[in-house]
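Number of protein chains: 2
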Amino acid sequence: MASTDLHNSVAASDRGAAAGGLIAEVLEGRRKSIARMMSLAESTGEAGREALAQIHRHTGRAHIIGLTGVPGSGKSTMVRALAQKFRTSGRKVGIVAVDPSSPFTGGAILGDRIRMTELSGDPGVFIRSMGTRGALGGLAHSTLDVADVLDAAGYELVLIETVGVGQDEVDIVQAAHTVVVVSAPGLGDEIQAIKAGVLEIADIHVVSKCDRPDATQTVANLRGMLALGAAAMGERSTWMVPVLRSSAQNREGIDALISTIDAHRAHLDDSGEIENRRREIVEMRILKAAEDIVRDRLLGHGRNELDQVLRRAMSRDIDPYAAAKILLGTSTDQDGL
Amino acid sequence: MASTDLHNSVAASDRGAAAGGLIAEVLEGRRKSIARMMSLAESTGEAGREALAQIHRHTGRAHIIGLTGVPGSGKSTMVRALAQKFRTSGRKVGIVAVDPSSPFTGGAILGDRIRMTELSGDPGVFIRSMGTRGALGGLAHSTLDVADVLDAAGYELVLIETVGVGQDEVDIVQAAHTVVVVSAPGLGDEIQAIKAGVLEIADIHVVSKCDRPDATQTVANLRGMLALGAAAMGERSTWMVPVLRSSAQNREGIDALISTIDAHRAHLDDSGEIENRRREIVEMRILKAAEDIVRDRLLGHGRNELDQVLRRAMSRDIDPYAAAKILLGTSTDQDGL
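In structure tokens form, the structure reads like this:
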């Protein structure tokens, strides 16, 4: 769609015209406009929704790679190395890094992002850091909107990086075409347990810091879990999940990771599995959006209905489930047993 | 409500009569019936909802204590010690432990629960372990239903224990009257960062393993963060969040923790803050229930409407947000920009 069409279709108001111009600039790949559109995605107001719906129409070209691993797994270093390697083949790379935020300062706790700056001079790389703080409840939703912006702006590879804890983060990573889970040797059962939920969604496992002697054990453990998992869950795909070794510090294993990512992408296309995955991603995104809409609706202030239902629930006249049904309009007042 | 009333009101079907009997038995505190009612809460089917709505009417007497901390923080040991101490004053104690599950075996990864068995011979203690696995998407909802069952069955103190990662787990802990956050010395910034989201919701901080020399630094760090937080966020309560020291291994600090929990409860009552907290808890529970209802509705199979909307979203005719609005009935087909 040419920028003039966009201008015509949204020219009814000044804000509409501005959004139309902004959309056109994003599609042209202008960095400032990309950043502004991302801020719209993060603000989650109705104002930005119209523009993001337009942006979404222009997505679908990028290969989305979800990369997850607990802090300390070397995942951020790996993302940086991956981006640099992808750049040597001329491909444009977008990075969305989801950061745990400090509850007190609002800023990112981990310093990893700062080291990304060595990439930020490259016009073929766009890096966006998302705080988990600003988007409480809507994190998945806005992260994927931000990835959409990069896709529409012509970034051929979009790397989404998360620390891989919590359902929201698992959902974000699952919205990728290729999911890479990074484990580190010696992090201990305690931390590995935290990320248990993400182990099974990996298309590719990478064990980082393979210069360490205990890395062999971690590789063996993952292979054992995969064998167990395949037996327990049956085969859902003909893709054999590989366990790669890397040492991102000295750039080892990055070539193998890139060719495995490319092989996985080819596998999705050749087997037709890409259609299933696309369907799952859309389902998940619709679900996340629905949750946000419901949250906004329920928490909207000045709502007599909410107050009334809240009072009934607080007096135990109805239970929270019945209250939710009333507010969602799937139950009448009489229903609440 | 007497058990005969319950029988009359639900006697229309055999299942109803059975549920009525079950409810009466739960209110009498029969262990087998409590366990069966909890299984209903975990199965999240419509069948159990009616019974749980009845159970909910009989709640409101228990003091709910949320206890969170990453694995390795000594939180499970502390829960055990707390329960034992509470028992010496004759109070009945319910424990709901939310466990990260192994994605492959379906079982709990952490062995901590096994050590709970020393409590399980005591008829004044009821322990329920919830796997995060079985309740994907509905974890908060079913955990709080299980806590309701304990409340209705006459357990005066209900301890809810989580590993404190992810929005769902933060929500669970926030549904408590008193929130205890356990930190351990030496776990490192990396793990502390993971649980950043829960630090600010603490009513009471406890630093465990205070026999270790580096515990003093952890206490100082928490106090520093609290001072920063108070300045940044303003005072929302007249309760001064204390940082306690404990060594659960040798039962140190448990008396102080119990008297601080009791003091917090008295503060909530005396200041009237308990009403605000109750309102927040009900709001959160309604929200969680609404999310579950929406998730069930959207993921329900054999739905032509969902398939149609999915197809439109997959072809990028509409974006996921517009699709969600259509499915929620808050938008017409024409709306999708």
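Residue numbers (my numbering), protein chains in the order written: chain X, 1011 to 1347; chain S, 1011 to 1347. From the three backbone atoms N, C-alpha and C, an ideal C-beta is built for every residue, glycine too. Fair warning: this is a prediction, and the values are worked out from it, not measured in the lab.
Original post:
Which residues in chain X sit within 8 angstroms of ARG1288/S, going by Cβ to Cβ distance?
Top reply: The answer, in chain order, is MET1324.
Original post:
Listed in chain order, which residues of the stretch 1053-1079 of chain S have Cβ atoms closer than 9 angstroms to some Cβ of chain X?
Top reply: Correct list: ARG1059, GLU1060, LEU1062, ALA1063, GLN1064, ILE1065, HIS1066, ARG1067, HIS1068, THR1069 and GLY1070.
Original post:
Does VAL1229/X get closer than 8 angstroms to chain C when you measure Cβ to Cβ?
Top reply: Among the chains of the structure shown, chain C does not appear; the protein chains present are X and S.
**OP:** Just list the beta strand (DSSP E) runs in the stretch 1163-1198 of chain S, keeping only unbroken ones of 3 residues or longer that don't cross its boundaries, in chain order.
**Re:** Counting only runs of 3 or more, we get 1167-1172 and 1188-1193.
Original post:
Which residue comes first and which comes last in the beta strand (DSSP E) that contains VAL1108/S?
Top reply: Taken as a continuous stretch (DSSP letters only), the beta strand (DSSP E) holding VAL1108/S covers 1103-1109.
Subject >> Proximity winner among CYS1220/S, ARG1307/S, ALA1051/S and TYR1331/S, relative to ARG1261/S (alpha-carbon distances) >> reply: Among CYS1220/S, ARG1307/S, ALA1051/S and TYR1331/S, the Cα nearest to that of ARG1261/S belongs to CYS1220/S.
**OP:** Please confirm if LEU1160/X has its CB atom under 8 angstroms from at least one CB of chain S.
**Re:** Judged by the 8 angstroms Cβ criterion, LEU1160/X is not in contact with chain S.
Original post:
Are the C-beta of GLU1283/S and some C-beta of chain X separated by less than 8 angstroms?
Top reply: In terms of beta-carbon proximity, GLU1283/S stays away from the interface with chain X, with every pair separated by 8 angstroms or more.
Subject >> Cutoff 8 angstroms: LYS1085/S Cβ touching any chain X Cβ >> reply: Residue contact check for LYS1085/S against chain X: no CB pair falls below 8 angstroms.
**OP:** With DSSP collapsed to three states, give me the class of SER1257/X.
**Re:** In the structure shown, SER1257/X adopts extended strand secondary structure according to DSSP, grouped into three states.
Original post:
Residues of chain X with a CB under 9 angstroms from the CB of LEU1278/S: which are they?
Top reply: Residues of chain X passing the Cβ test: none, with the nearest at roughly 15 angstroms.
**OP:** Check the Cβ of ILE1296/X against every Cβ in chain S and list those closer than 8 angstroms, keeping chain order.
**Re:** Among the residues of chain S, those whose CB is under 8 angstroms from the CB of ILE1296/X are LEU1308, VAL1319, LEU1320, ALA1323, PRO1330, ALA1333, ALA1334 and LEU1337, following chain order.
Original post:
Is any beta-carbon of chain S found at less than 8 angstroms from that of ARG1233/X?
Top reply: Not one chain S Cβ lies under 8 angstroms of ARG1233/X.
**OP:** Check the Cβ-Cβ distances between VAL1168/S and every residue of chain X, and say whether any is below 8 angstroms.
**Re:** False, the Cβ-Cβ gap to chain X never drops below 8 angstroms.
**OP:** For VAL1292/S, return the contacting residues in chain X, with the cut-off set at a CB-CB distance below 8 angstroms.
**Re:** Those are LEU1320, ALA1323, MET1324, PRO1330 and ALA1333, listed as they occur along chain X.
Original post:
Quick one: which chain X residues come within Cβ less than 9 angstroms of VAL1251/S?
Top reply: By Cβ distance, chain X contributes nothing, its closest Cβ being about 12 angstroms from VAL1251/S, past 9 angstroms.
Subject >> From GLN1094/X, VAL1106/X, PRO1133/X and LEU1160/X, residue whose alpha carbon lies closest to that of GLY1141/X >> reply: Selected option, being the one with the closest Cα: VAL1106/X.
Subject >> Proximity of VAL1192/X and GLY1084/X at Cβ, strictly below 8 angstroms >> reply: Yes, the Cβ-Cβ distance between VAL1192/X and GLY1084/X is below 8 angstroms.
**OP:** With ILE1044/X as the anchor, note down where its alpha helix (DSSP H) starts and where it stops.
**Re:** Unbroken alpha helix (DSSP H) run through ILE1044/X: 1041-1053.
Original post:
Does the beta-carbon of GLN1227/S have 16 or more other beta-carbons within 10 angstroms, so that it is buried, or is it exposed?
Top reply: GLN1227/S is exposed by the Cβ-count criterion.
Original post:
If you draw a straight line from the C-alpha of ILE1248/S to the C-alpha of ASP1280/S, how long is it?
Top reply: Here residue 1248/S is Thr; the residue named in the question, Ile, does not match the sequence. In this structure, the CA atom of THR1248/S is about 11 angstroms from the CA atom of ASP1280/S.
Original post:
At least one CB of chain S closer than 8 angstroms to the CB of ARG1305/X: is that the case?
Top reply: Yes, contact with chain S.
Original post:
Where does THR1069/X land, buried or exposed, given buried means 16+ other C-beta within 10 angstroms?
Top reply: Per the 10 Å Cβ criterion, buried.
Original post:
So GLU1285/X packs on LEU1320/S, CB below 8 angstroms; how close in whole Å?
Top reply: With 8 angstroms as the limit, GLU1285/X and LEU1320/S do not qualify as a contact, their Cβ atoms being about 12 angstroms apart.
Original post:
Sorted by chain position, which residues of the same chain lie with C-beta nearer than 8 angstroms to LEU1267/X's C-beta, five sequence neighbours on each side aside?
Top reply: These residues qualify, in order along the chain: MET1088, LEU1092, VAL1190, ILE1214, VAL1216, LEU1254 and SER1256.
**OP:** Examine chain X for any beta-carbon lying closer than 8 angstroms to the beta-carbon of ALA1186/S, and answer yes or no.
**Re:** Taking 8 angstroms as the threshold, the shortest C-beta distance from ALA1186/S to chain X does not fall below it.
Original post:
Is LYS1042/X buried or exposed, if buried means 16 or more other CB atoms sit within 10 Å of its CB?
Top reply: When all chains shown are included, LYS1042/X counts as exposed.
Original post:
Residues of chain S with CB under 7 angstroms from GLU1301/X, in chain order?
Top reply: Neighbours of GLU1301/X in chain S, taken as residues whose beta carbon is under 7 angstroms from its own, are GLU1301 and VAL1304 in chain order.
Subject >> Span separating the alpha-carbon of ARG1097/S from that of ILE1065/S >> reply: Spanning the two alpha carbons is a distance of roughly 25 angstroms.
Original post:
Candidates ILE1264/S, LEU1337/S, VAL1108/S and ILE1074/S: which alpha carbon is nearest ALA1162/S's?
Top reply: Of the listed residues, the one whose Cα sits closest to ALA1162/S is ILE1074/S.
**OP:** Could you please give the first and the last residue of the uninterrupted beta strand (DSSP E) stretch that includes HIS1354/S?
**Re:** Within the shown structure, residues of chain S are numbered from 1011 to 1347, placing residue 1354/S beyond reach of any answer.
Subject >> Cβ neighbours of ILE1211/S in the same chain (closer than 8 angstroms, five flanking residues each side left out) >> reply: Taking ILE1211/S as the centre and dropping the five residues before and after it, the same chain places the C-beta of VAL1180, VAL1183, GLN1184, VAL1189 and VAL1191 closer than 8 angstroms to its C-beta, in chain order.
**OP:** Take ARG1307/S and list the residues in its own chain whose beta-carbon comes closer than 8 angstroms to its own, dropping the five residues that flank it on each side.
**Re:** Same-chain partners within the cutoff: LEU1337.
Subject >> Nearest neighbour of ARG1295/S, chosen from GLU1035/X, LEU1278/X and ARG1326/X [CA to CA] >> reply: Looking at the Cα atoms, ARG1326/X is the closest of the given residues.
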